Amino acid sequence: MSVTLAHLTARTGLDVLDHLERETAIPVLDGLQAQGDLIVIPLHLVPEVTVPSHARWRTVPPTGLELLRSTAGGNPHTLVADQAACTWTPTCVDRERLALGVLRTSGPAYLIHPEHGGSGIAPGSYVIRRQREGASTSRLTPMRVHYVAD
Amino acid sequence: MSDPRGPEARPDASILLRHAIDLRNAWLGHALSTLPADRPAAEAAISDLYRLIGKPPPRFVWVESPAAALAAARPRGAPRLNHRTLPALAADWPVASQLATLISTFRSRLDRRIQRRLSAARLVGEDPRTLVHSQPPQEALRLGVRLEHVVDATVWESLEVSVHDAVAAPLRTERQRPSDDQTPLTWYGQHDAHWIARYEAWLRLGLVRASPQERHQLGVWSALARSCGWWSPSDDTCVVSERPVAVHTEPTPGGVHGQRRLHREDGMAVRYADGWGLYVLHGTVVPVWVVTEPTPERITAERNIEIRRAAIERIGWDAYITQAGLDLVAVAPDPGNPGCDLHLYDLPEEARGPRARILLAVNGSVERDGHRRRYGLTVPADLDDPVAAAGWSYGLSGDLYARLLRRT
Numbered sequence: 001m002s003v004t005l006a007h008l009t010a011r012t013g014l015d016v017l018d019h020l021e022r023e024t025a026i027p028v029l030d031g032l033q034a035q036g037d038l039i040v041i042p043l044h045l046v047p048e049v050t051v052p053s054h055a056r057w058r059t060v061p062p063t064g065l066e067l068l069r070s071t072a073g074g075n076p077h078t079l080v081a082d083q084a085a086c087t088w089t090p091t092c093v094d095r096e097r098l099a100l101g102v103l104r105t106s107g108p109a110y111l112i113h114p115e116h117g118g119s120g121i122a123p124g125s126y127v128i129r130r131q132r133e134g135a136s137t138s139r140l141t142p143m144r145v146h147y148v149a150d
Numbered sequence: 151m152s153d154p155r156g157p158e159a160r161p162d163a164s165i166l167l168r169h170a171i172d173l174r175n176a177w178l179g180h181a182l183s184t185l186p187a188d189r190p191a192a193e194a195a196i197s198d199l200y201r202l203i204g205k206p207p208p209r210f211v212w213v214e215s216p217a218a219a220l221a222a223a224r225p226r227g228a229p230r231l232n233h234r235t236l237p238a239l240a241a242d243w244p245v246a247s248q249l250a251t252l253i254s255t256f257r258s259r260l261d262r263r264i265q266r267r268l269s270a271a272r273l274v275g276e277d278p279r280t281l282v283h284s285q286p287p288q289e290a291l292r293l294g295v296r297l298e299h300v301v302d303a304t305v306w307e308s309l310e311v312s313v314h315d316a317v318a319a320p321l322r323t324e325r326q327r328p329s330d331d332q333t334p335l336t337w338y339g340q341h342d343a344h345w346i347a348r349y350e351a352w353l354r355l356g357l358v359r360a361s362p363q364e365r366h367q368l369g370v371w372s373a374l375a376r377s378c379g380w381w382s383p384s385d386d387t388c389v390v391s392e393r394p395v396a397v398h399t400e401p402t403p404g405g406v407h408g409q410r411r412l413h414r415e416d417g418m419a420v421r422y423a424d425g426w427g428l429y430v431l432h433g434t435v436v437p438v439w440v441v442t443e444p445t446p447e448r449i450t451a452e453r454n455i456e457i458r459r460a461a462i463e464r465i466g467w468d469a470y471i472t473q474a475g476l477d478l479v480a481v482a483p484d485p486g487n488p489g490c491d492l493h494l495y496d497l498p499e500e501a502r503g504p505r506a507r508i509l510l511a512v513n514g515s516v517e518r519d520g521h522r523r524r525y526g527l528t529v530p531a532d533l534d535d536p537v538a539a540a541g542w543s544y545g546l547s548g549d550l551y552a553r554l555l556r557r558t
């Protein structure tokens, strides 16, 4: 069965802006996908991201797991999956320091956002990273960056 | 049963929560109120607090803003205590220090009792902390989160974000001068709403006990917060500020507990009668020029990326890039965003701050009006390829980012 935004909002109680297309099936993809200021990356593409063995994995509840809400009050990105299909850990090592965490899913999982709608994630392991902006003053000084929040 | 074990055992939980939400909304109203101070009520409440530490009522000096209070309190302000100047007997301490002790004793007792109750009202379900922050309060209750946790999120945490973090903290920063250690001890009147509302909610809902003395003291703090702005006590005088004359807010996006943030596009978001206040756009505190005259020259001269972004969004990314005369470095199709291009620009020579470029991208999802919003990102100046620049923003190489399947 293909899942639409209408299904996801009904299941989680989360809402999306009313001008987004609710009845179109959300494509479930196994590659890179961006949702506003977040990106979903298959874990095997980024060897610089590792999950330590002591990481605690938590089951994503059917009502969803809020991954990121900016302090200025941006809209939340919420991870949603069928019961017991998906686990999530925020414990990971990322040389770029952009990872929010890593998910492992055995069925389709969905990332949902009030303005950006839904992204479907095929079974597999993925890291979810934030977006940054910034610049370095010179090659010798550290990068001055901050996270992008939409 | 005094300790019901689940939502079924307390059929009135939903009604109690309704009371808590009403109380939160009323307190948000007091906290953002622009009415003239109720001077008799404020003076009576402060006199009560002086009485609680065994002091006679002070003389009251009313000022128009917290900034004016600083000037008024300066000559009379008691020096801050430290280990060298602290009198041995508490009764000899300055009034402000004794009041600080009074309130911290009062609050820590109630906080301890509330904390015990929160720990006892075990969190149930898989992720109740997330639930209580992502779901509307009644829904969180229905999903099994205990009333105590929902009430704390929807009253205390909500007001702490909307009032303490969003209003009082930036005002305090604005008032603070560099190398100024003479700021008198200050309480925040209407901006103390978060902790006062928390105790009122817990007591009114019968979730925690308090002695008659504690109820009396809470009543005094509550009356004070409903009647005036910031106040600084000293031994014989108390400087009290009026409330602001204008406060402009908008709902905080995604907030399920009625949170609000400061926002005004045509003036100060918070303004006191003497003209002191803050310019704030969508919760970001900005210098006055961002609101009144966001010119490309000023934007280019601004070092702070967040302020620069707020200013650019005032005039629009396209307008900024045209008016500032940014040079186009390269254009490339945006992977995963069919029909849209990535544009990479050089910042002008005279730009301050680190050498940088601007990547102009198009949102993957449409706005309400059917358009796709354009937005810019600052990226390091050594990136020449727009796709590599977009990849860099997510910590990826250009080759990897080129494999993006979908952007929303």
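Residue numbers (this note's numbering), protein chains in the order written: chain A, 1 to 150; chain L, 151 to 558. The beta-carbon is built from N, C-alpha and C at its ideal position, and this holds for glycine as well. Quantities reported herein were computed from a predicted structural model and do not represent experimental measurements.
CB contact below 9 Å: residue i versus chain A
i	result
L:Val512	no
L:Pro157	Confidence at L:Pro157 is low in this model, with a pLDDT of 46, below 50, so its placement is unreliable and no value can be given for it.
L:Tyr544	yes
L:Asp153	Summary for L:Asp153: the model assigns pLDDT 44, below 50, so the residue's position carries little reliability; its value from the coordinates is reported in the next sentence. So, not an interface residue.
L:Arg189	no
L:Leu309	no
L:Val529	yes
L:Ile455	yes
L:Gly466	no
L:Gly227	Its pLDDT being 48, under 50, L:Gly227 is placed unreliably by the model, and the measurement read from it follows with that caveat. It does not: the Cβ of L:Gly227 has no partner Cβ on chain A nearer than 9 Å.
L:Glu517	yes
L:Gln285	yes
L:Glu447	no
N- and C-terminal bounds of the beta strand (DSSP E) containing residue i
i	result
L:Arg338	The question names Arg, yet the displayed sequence has Tyr at residue 338 of chain L. Careful: L:Tyr338 lies outside any beta strand (DSSP E) and carries neither H nor E.
A:Thr63	Here A:Thr63 belongs to no beta strand (DSSP E), and DSSP marks it neither H nor E.
A:Arg104	Ala99 to Thr105
Buried versus exposed, by CB contacts within 10 Å (16 or more), residue i
i	result
A:His44	exposed
L:Glu392	buried
L:Thr323	exposed
L:Ile165	exposed
L:Val406	buried
L:Val441	buried
L:Glu350	buried
L:Ala240	exposed
L:Asp519	exposed
L:Pro237	exposed
A:Gly73	With a pLDDT of only 49 at A:Gly73, under 50, the local geometry of the prediction cannot be trusted, and the value read off the model is given with reservation. With 16 or more other Cβ atoms within 10 Å, it is buried.
L:Asp477	exposed
L:Ser372	buried
Cβ-Cβ distance between residue i and residue j below 9 Å
i	j	result
L:Asp563	L:Ser215	Given that chain L is displayed from residue 151 to residue 558, the structure contains no residue 563 of chain L and the question cannot be resolved.
L:Arg234	L:Trp212	no
L:Ala176	L:Leu297	no
L:Leu321	L:Ile346	no
L:His398	L:Arg376	no
A:Leu26	A:Tyr126	Inspection of the sequence shows that residue 26 of chain A is occupied by Ile rather than by Leu. Contact flag unset, no.
A:His134	A:His146	Per the sequence presented here, residue 134 of chain A reads as Gly, with His not at that position. Yes, the pair counts as a contact, with Cβ atoms nearer than the cut-off.
L:Leu492	L:Ala511	yes
A:Tyr110	A:Gly118	yes
L:Pro207	L:Ser197	yes
L:Ala217	L:Arg348	no
L:Gly417	L:Ala192	no
L:Val479	L:Leu494	yes
L:Ala343	L:Ala181	yes
A:Thr78	A:Arg56	no
L:Arg448	L:Gly526	no
L:Leu497	L:Val370	no
Range covered by the alpha helix (DSSP H) that runs through residue i
i	result
L:His366	Pro362 to Ala375
L:Ile253	Val245 to Ala270
L:Pro536	Pro536 to Ser543
L:Ile165	Ala163 to Ala181
Beta carbon proximity, residue i to chain L, threshold 9 Å
i	result
A:Arg104	no
A:Ala72	Only weak support exists for where A:Ala72 lies, its pLDDT of 46 falling under 50; the coordinates are left without a value.
A:Asp82	no
A:Arg22	no
A:Tyr110	no
A:Arg11	no
A:Ser53	no
A:Ala90	Just to set this straight, residue 90 of chain A is Pro in the shown sequence, not Ala. No, A:Pro90 does not count as interfacial toward chain L.
Unbroken alpha helix (DSSP H) runs of length 4 or more, entirely within the stretch 275-309 of chain L: which are they?
-> Listed in chain order, they are 278-284, 287-292 and 297-301.
What beta strand (DSSP E) runs, 3 residues minimum, are completely inside the stretch 467-491 of chain L?
-> For the beta strand (DSSP E) assignment, the uninterrupted runs of no fewer than 3 residues enclosed by the stretch 467-491 of chain L are, from N- to C-terminal side, 477-483.
At what residue ranges does the stretch 185-209 of chain L contain a whole run of the alpha helix (DSSP H), taking only runs of 4 or more?
-> Runs found: 189-202.
For the stretch 401-463 of chain L, list the beta strand (DSSP E) runs that are entirely contained and at least 3 residues long, ordered along the chain.
-> The stretch 401-463 of chain L contains these whole beta strand (DSSP E) runs: 410-412, 427-431 and 434-436.
Note down, one range per segment and in chain order, each beta strand (DSSP E) of at least 3 residues found wholly within the stretch 32-61 of chain A.
-> If we require 3 residues or more, the beta strand (DSSP E) runs fully inside the stretch 32-61 of chain A come out as 33-35 and 38-42.
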